[in-house]
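Peer 1: First the structure, which I've put down as structure tokens, then a few questions once you've had a look.
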Amino acid sequence: SPDSDGGMTPELEKAGLLNKTKIAEGGRKLRKNWNLSWVVLVGNSLMFFKDPKTQSPEIWKPGNSCPESSVDLRGAKLNWANDLSSRKNVFKLRTVTGNEFLLQSETVSLISEWYTTIQKVIDKLDKD
Ligand code: I3P
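Take -16 as the starting number for the sequence shown in this note's numbering and just add one per residue.
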């Protein structure tokens, strides 16, 4: 919907730090490599940035940083996945292209909010 700049700037839904690992690329299984990631949910996309603490601050000026990767949530599937990790509070996000990510937080309320918010976006896109 149109916003204050009169354009198509998608809405920022949520942003925060989560532990992340990619476990599949195009359906092909990958070796886990957990990293802290700055996760941003904007419009139809979930974007992953490097942990800001590991970057110089000037890179972190708004609009002046490039995501490490970006996930299109259209047709994506979200499932709790405590069976896929020794970590607690883990969910799996699977894209239509067969990319799979695990996202995790030590804080159950925090990961639950992410789960709910991402699922709402997926549901909204399903209705389009
Ligand atoms: C993996 C690493 C991951 C672990 C994974 C291990 O070993 O310890 O942290 O996942 O378990 O294989 P490596 O560093 O040698 O690749 P979790 O932390 O999510 O349990 P998995 O193979 O059972 O997925």
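Cβ atoms here follow ideal geometry from the backbone N, Cα and C, with glycine treated the same way.
Because the structure is a prediction, the values reported are computed rather than measured.
Expressed to the nearest angstrom, what Euclidean distance is found between the alpha-carbon atoms of Val25 and Lys5?
Peer 2: C-alpha separation (whole angstroms): 20 Å.
Peer 1: Mapping the DSSP letters down to three states, classify Lys(-3) as helix, strand or coil.
Peer 2: Here Lys(-3) sits in strand by DSSP.
Peer 1: Alpha carbons only, please: which of Leu(-5), Val22, Lys(-3) is nearest the one belonging to Leu85?
Peer 2: If we check each option's Cα against that of Leu85, Val22 comes out closest.
Peer 1: Of the choices Leu19, Trp63, Asn82, whose alpha-carbon is the least far from that of Tyr98?
Peer 2: When each option's Cα is compared against that of Tyr98, the closest is Trp63.
Peer 1: For Arg70, is the beta carbon positioned less than 7 Å from some heavy atom of ligand 1?
Peer 2: Yes, the beta carbon of Arg70 sits closer than 7 Å to at least one heavy atom of ligand 1.
Peer 1: Expressed to the nearest angstrom, what Euclidean distance is found between the alpha-carbon atoms of Val91 and Cys49?
Peer 2: So the two alpha carbons sit approximately 29 Å from each other.
Peer 1: Can we count Arg14 as close to ligand 1, meaning its CB is less than 7 Å from some heavy atom?
Peer 2: Yes; taking the cut-off as 7 Å, the Cβ of Arg14 has a heavy atom of ligand 1 nearer than that.
Peer 1: Once DSSP output is grouped into helix, strand and coil, what is the label at Lys71?
Peer 2: It is coil, neither helix nor strand.
Peer 1: Please indicate yes or no: does the CB of Trp97 lie closer than 7 Å to some heavy atom of ligand 1?
Peer 2: Checking every heavy atom of ligand 1 against the Cβ of Trp97, none is found closer than 7 Å.
Peer 1: In the DSSP assignment, the alpha helix (DSSP H) including Trp97 goes from what residue to what residue?
Peer 2: 91 to 110 is the span of the alpha helix (DSSP H), which, as asked, contains Trp97.
Peer 1: Within 7 Å: the Cβ of Trp63 and any heavy atom of ligand 1?
Peer 2: Trp63: no, Cβ never under 7 Å from ligand 1.
Peer 1: List the endpoints of the continuous beta strand (DSSP E) containing Thr13.
Peer 2: Correcting the residue type first, residue 13 is Leu in the shown sequence and not Thr. Segment: none, Leu13 is in no beta strand (DSSP E) and carries neither H nor E.
Peer 1: Check Asp55 in the structure and name its three-state DSSP category.
Peer 2: Asp55: strand per DSSP, three-state reduction.
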